[in-house]
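Going by the numbering used here, the first residue of the sequence shown is number 74, and it counts up by one from there.
Built from N, CA and C at the ideal position, the CB exists for glycine as well.
Okay, so here's the structure we're looking at.
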Amino acid sequence: EGDDRGHASAGSRNYPERGGEPRTIIVDGMTGLRVDKRDLERAFGSVGRVESAEVDRDSARITFRDGKSAKEAVRRFHGGQLNDRTIDVYFEGQNPPRRGGGGGGGG
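Right under this line is the structure:
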């Protein structure tokens, strides 16, 4: 009884072996957006092969096949637009990088 809670920590060390590059990114700032897994796979598939996408209420988590694609996704999409909403994109386990430009309202 009660000995099934030890397995939860195993997943915390699952960085990929090759080069150790993180392949999972977080998309934040999606509150109120009506996007599903397929929308995200289509949008982020432009930078590389998406292995999985999970959508939460106000964020999503996307795992790419390789770290290079994940890095490109952060570079290209962070501070960008998804359905007219500005989103933050950053590696899982990190704090979101600050957007440059001091919040000017261009657009």
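Residue range 140-150 is occupied by the alpha helix (DSSP H) that includes R149. Taken through DSSP and simplified to helix, strand or coil, E124 comes out as strand. A distance of 8 Å or more separates the beta carbons of E145 and I98.
In this structure, DSSP gives R96 a state outside helix and strand, which the three-state scheme calls coil. Bounds of any beta strand (DSSP E) do not take in D131, whose DSSP letter is neither H nor E. Excluding residues up to 5 positions away in sequence, I99, V100, D101, M103 lie with their Cβ nearer than 7 Å to the Cβ of S132 in the same chain.
Here the alpha carbons of R148 and I160 stand approximately 12 Å from one another.
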